[in-house]
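Engineer: Residue numbers (this note's numbering), protein chains in the order written: chain S, 1 to 155; chain Z, 1001 to 1392.
C-beta: ideal position from N, C-alpha, C; glycine also.
Here's a structure for you.
Structural data, given as structure tokens:
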């Protein structure tokens, strides 16, 4: 009987893990994680002066590789939204999944903003991590934002 | 009584002689007009032939030959115009039965016909650099002892023809009333087709480019995505100054700089690193033909000015006033041409680069044709930074 309870508990734990979050990310000191995050984001943290970091998991039915999604996001931001592609680099999540980071720039009312996007491709899922704010704030919070992006782990 | 009988006979004889004389005059007039028409047809044919050759030289970018043929054609056209004037005068003289005037005009036409033949012959020799330079040298040599008509041609070629061409024609063809011989005229310095004129701004690039056979004015337009516009504008300006260029125009979201042509490629390469380029257009305009034409007009105008100045020295007061008027007009033309040449040399010596910052406006077609993944619509700063309010 005791053995059955242990097995049941283990299965329950596994089930919880399987049905729960498929990623892990932490908020850096100076940021607060928002509890009632609303779509399209699954997780979001903000700094007092407006810098935001968010994560979303996009379920995919299409069989497309990371290069496809990278190009799709780049085109959308440049061609449709008028953002400037400032940088593009390869990155890795904490669990070693290869990803791509795109850094965009955009002026709003003459003020420069920076928008960073990291894309990781999982099993039938695309993990999208975003960070943004005015360039001045993003420069100021660069270390914290980098730290948060580095804590992303896919499961 | 016997004498009275002879009066009607004398009258009839006189009338018959007068009629015969008029008929003879009319015949001579018709012959002279026919000769004038033939001469004019030959001139048109000559001009047409030279024009064809000039077109061929231009299309083959033979600058030396182009310059030579252009010069001959211009002179031929002037001769043609003079012949047309003479033809009209001949017609009027023929109607008036003014034999003296007809003889004079016929002589002029004969001379013009001969000159046209000479020009055609000279144009035939415009086949190579060596001969063209020889022709140019001959022309320069002739500036000081040109025939009056040629000076008039130069005036007409430069577009400085006076409001009263007859007066000018008279002044130049007959010279000022007082002295019979004009003082020697300073020969302008020899010039090659692309002889460099002093650089307007003292730039080392401007003078060099004036030597080049092919004069290409380069320009480039770039559109960058809107990000850090002020900083990027400043960077473009700094870049231009670093390369020896200068700022031409600067607005809120656009800047135009000029960079020396030899550093144009370097400027483009550095500009491409400044931001996200969404559109680029690099073009080259060939201004060789226009430049050669202007150089030729300037040469003619200067020769004209020198000739007028020489005439002015020995002119009586009445003529001097007319000459000064013409001199002022020619000087104005020279200044205008020099200005245009300066602008053209600057255009070739410095390439224009315009950088604009402009966001792409999404078109309806693109909106509909974009990927069917709705989550892409929510990418961007706006949804990320607009955090919904929550009650505590």
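#1: Quick check: what's the CA-CA separation for residue 1079/Z versus residue 1039/Z?
#2: If you count every other CB in all the chains shown that lies within 10 Å of the CB of residue 1119/Z, and 16 or more means buried, which is it?
#3: Residues of the region 24 to 58 of chain S with a CB closer than 9 Å to any CB of chain Z: list them in chain order, please.
#4: Just to confirm, is the Cβ distance from residue 60/S to residue 46/S under 8 Å?
#5: Contact criterion: CB-CB distance below 8 Å. Does residue 1233/Z meet it with respect to chain S?
#6: Taking only runs of the alpha helix (DSSP H) that begin and end inside the region 1264 to 1343 of chain Z, which ones reach a length of at least 4 residues, in chain order?
#7: Compute every distance between the C-beta of residue 1309/Z and the non-hydrogen atoms of the ligand SAM, then say whether any falls below 7 Å.
#8: For residue 1076/Z, does the count of other Cβ atoms within 10 angstroms reach 16, so buried, or fall short, so exposed?
#9: Enumerate, from N- to C-terminal direction, the unbroken beta strand (DSSP E) stretches of 3 or more residues contained entirely within the region 47 to 111 of chain S.
#10: Express the C-alpha separation of residue 1069/Z and residue 1310/Z in angstroms, rounding to a whole number.
#11: Are any of the Cβ atoms in chain Z nearer than 8 Å to that of residue 145/S?
#12: To which residues of the same chain is residue 40/S closer than 8 Å at the C-beta, ignoring the five residues directly before and after it?
#13: Would you kindly work out how many angstroms separate the C-alpha atoms of residue 143/S and residue 1244/Z, rounded to a whole number?
#14: Could you tell me whether the Cβ atoms of residue 85/S and residue 99/S are closer together than 8 Å?
#15: Anyone know if the C-beta pair for residue 1263/Z and residue 1349/Z falls short of 8 Å?
#16: Can you pull the chain Z residues whose beta carbon is under 8 Å from the beta carbon of residue 77/S, in chain order?
#17: For chain Z, find out if any of its Cβ atoms is closer than 8 Å to the Cβ of residue 1/S; answer yes or no.
#18: Taking a Cβ distance cut-off of 8 Å, strictly less, list which residues of the region 1265 to 1280 of chain Z are near chain S, in chain order.
#19: Please report whether the beta-carbon of residue 1301/Z lies at a distance below 8 Å from any beta-carbon of chain S.
#20: In this structure, does DSSP put residue 1236/Z in helix, strand or coil?
#21: Which residue marks the beginning of the alpha helix (DSSP H) containing residue 1106/Z, and which one marks its end?
#22: Between residue 1254/Z and chain S, is there a C-beta pair that is closer than 8 Å?
#23: List the residues of chain Z whose Cβ lies closer than 9 Å to the Cβ of residue 105/S, in chain order.
#24: Does any CB atom of chain Z fall closer than 8 Å to the CB of residue 61/S?
Structural biologist: Here's the rundown:
#1: Computed Cα separation, rounded: 11 Å.
#2: That one is buried.
#3: Of all residues in the region 24 to 58 of chain S, 34, 35, 36, 38, 39, 40, 41, 44, 46, 50, 51, 52, 53, 54, 56, 58 have a Cβ within less than 9 Å of some Cβ in chain Z.
#4: If you check the CB distance, residue 60/S and residue 46/S do not come in under 8 Å.
#5: Answer no: the Cβ-Cβ gap between residue 1233/Z and chain S never drops below 8 Å.
#6: Complete alpha helix (DSSP H) runs here, min 4: 1264 to 1271, 1288 to 1313.
#7: The ligand SAM is not part of the structure shown, which contains no ligands of any sort.
#8: Result: buried.
#9: DSSP runs (the beta strand (DSSP E)) wholly in the region 47 to 111 of chain S: 52 to 59, 84 to 92, 98 to 108.
#10: For residue 1310/Z and residue 1069/Z, the distance between alpha carbons rounds to 28 Å.
#11: Residue 145/S is outside the set of residues whose beta carbon lies under 8 Å from a beta carbon in chain Z.
#12: Here the set comprises 56.
#13: So the alpha carbons of these two residues sit roughly 40 Å apart.
#14: It is not a contact, given that the beta carbons lie outside the stated cut-off.
#15: Result no, Cβ atoms of residue 1263/Z and residue 1349/Z do not sit closer than 8 Å.
#16: What residue 77/S touches in chain Z: 1379, 1380.
#17: Annotation note: pLDDT 49 at residue 1/S (below 50); position unreliable, coordinate value reported separately. It does not: the Cβ of residue 1/S has no partner Cβ on chain Z nearer than 8 Å.
#18: So the list reads 1275, 1276, 1278, given in the order they occur along the chain.
#19: Judged by the 8 Å Cβ criterion, residue 1301/Z is not in contact with chain S.
#20: The three-state secondary structure of residue 1236/Z, taken from DSSP, is helix.
#21: First-last of the alpha helix (DSSP H) with residue 1106/Z: 1099 to 1124.
#22: Proximity of residue 1254/Z to chain S, defined by a Cβ-Cβ separation below 8 Å, is not satisfied.
#23: Going along chain Z in sequence order, the residues near residue 105/S (Cβ under 9 Å) are 1225, 1226, 1227, 1228, 1275, 1276.
#24: In terms of beta-carbon proximity, residue 61/S stays away from the interface with chain Z, with every pair separated by 8 Å or more.
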